[in-house]
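> Quick one: structure below, then a few questions.
Numbering (this note's numbering), first residue to last: 2 to 181.
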């Protein structure tokens with residue numbers, strides 16, 4: 002809705018640069034044939050955005066909005082009242098500066114941060130697992146030591162029981178022999 006201050010006459014302007022917040026613009030044009038001007042026809046195309054020419058007919062304005070960041074070329078051609086087109090026409094380079102979050106360096110930074118986050122998470126997880134493994138090894142060693150000590154105690158108790166049984170058997174045999 003505001004006129005752009007170009008600093009020079011419009012026909013001398015070759016490039017305009019728009020911020021991403023200004024990704025819309027409207028333009029006016031004219032085909033200068035005064036024989037029968039109401040029959041003059043117009044076409045325009047924004048190369049890099051449009052796939053085909055927009056046939057504007059006798060309209061003298063065009064508009065683009067919602068342009069993504071990038072470089073485009075606005076081309077406008079006109080015909081006279083006999084339908085003879087000026088194929089060269091006029092052109093204007095339009096550069097729309099994208100927001101920082103649509104730039105390659107920001108996406109690369111996000112990718113690096115994501116990779117770093119994943120790598121850091123994996124590193125922490127592996128560290129935690131290794132710590133748990135060491136704690137389990139210590140617990141297994143302690144339990145094995147306890148079990149070895151209890152096994153030795155049980156073996157000693159078993160030997161004592163065996164010795165006590167043998168003595169009891171000897172005493173039983175002596176008692177049986179005495180009674181017999």
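Ideal Cβ positions, reconstructed from N, Cα and C, are used throughout, including at glycine. Values in this document were obtained by computation on a predicted structure and should not be read as measured data.
In angstroms with no decimal places, state the Cα-to-Cα distance between residue 153 and residue 143.
Taking the straight line from one Cα to the other gives about 15 angstroms.
> In chain order, what are the residue ranges of uninterrupted alpha helix (DSSP H) at least 4 long that sit wholly in the stretch 71-143?
Counting only runs of 4 or more, we get nothing.
> Classify residue 44 as helix, strand or coil using the three-state DSSP reduction.
Here residue 44 sits in strand by DSSP.
> With DSSP as the reference, label residue 153 as helix, strand or coil.
In the structure shown, residue 153 sits in a helix (DSSP, three-state: H, G or I).
> Would you mind sorting residue 63 into buried or exposed? The rule is 16 or more other CB atoms within 10 Å of its CB.
Buried, by the Cβ-count rule.
> Give a yes or no on contact between the stretch 92-107 and the stretch 18-27, applying the rule of three or more CB pairs nearer than 8 angstroms.
Touching, yes.
> Check whether the stretch 36-48 and the stretch 74-81 are in contact - that is, three or more C-beta pairs closer than 8 angstroms.
Contact holds: three or more Cβ-Cβ distances are below 8 angstroms.
> Just how far apart, CA to CA, sit residue 53 and residue 114?
When rounded, the distance between both Cα atoms is 41 angstroms.
> Taking the C-alpha atoms as reference points, what is the distance between residue 67 and residue 9?
When rounded, the distance between both Cα atoms is 27 angstroms.
> If we cut at 8 angstroms on Cβ distances, does residue 81 have a partner in chain C?
Absent from the structure: chain C. Only one protein chain is present.
> Do residue 41 and residue 80 come within 8 angstroms of each other at the CB atom, strictly closer than that value?
Yes.
> CB-CB under 8 angstroms to residue 16, same chain, minus the five flanking residues each way: which ones, in chain order?
Excluding residues within five positions, the ones whose Cβ falls inside 8 angstroms are 93, 94, 95, 96.
> So who's on the other strand from residue 65, going by DSSP bridges?
Partner(s): 26.
> So what's residue 19 in DSSP terms, helix, strand or just coil?
Looking at residue 19 - three-state DSSP - the assignment turns out to be strand.
> Give me the residue from 25, 36, 32, 88 with the minimum Cα distance to residue 71.
Ranking the options by Cα distance to residue 71, first place goes to 25.
> In chain order, what residues of the same chain lie with their CB nearer than 6 angstroms to the CB of residue 29, ignoring the 5 residues before and after it?
Closer than 6 angstroms at Cβ, skipping near neighbours: 61, 62.
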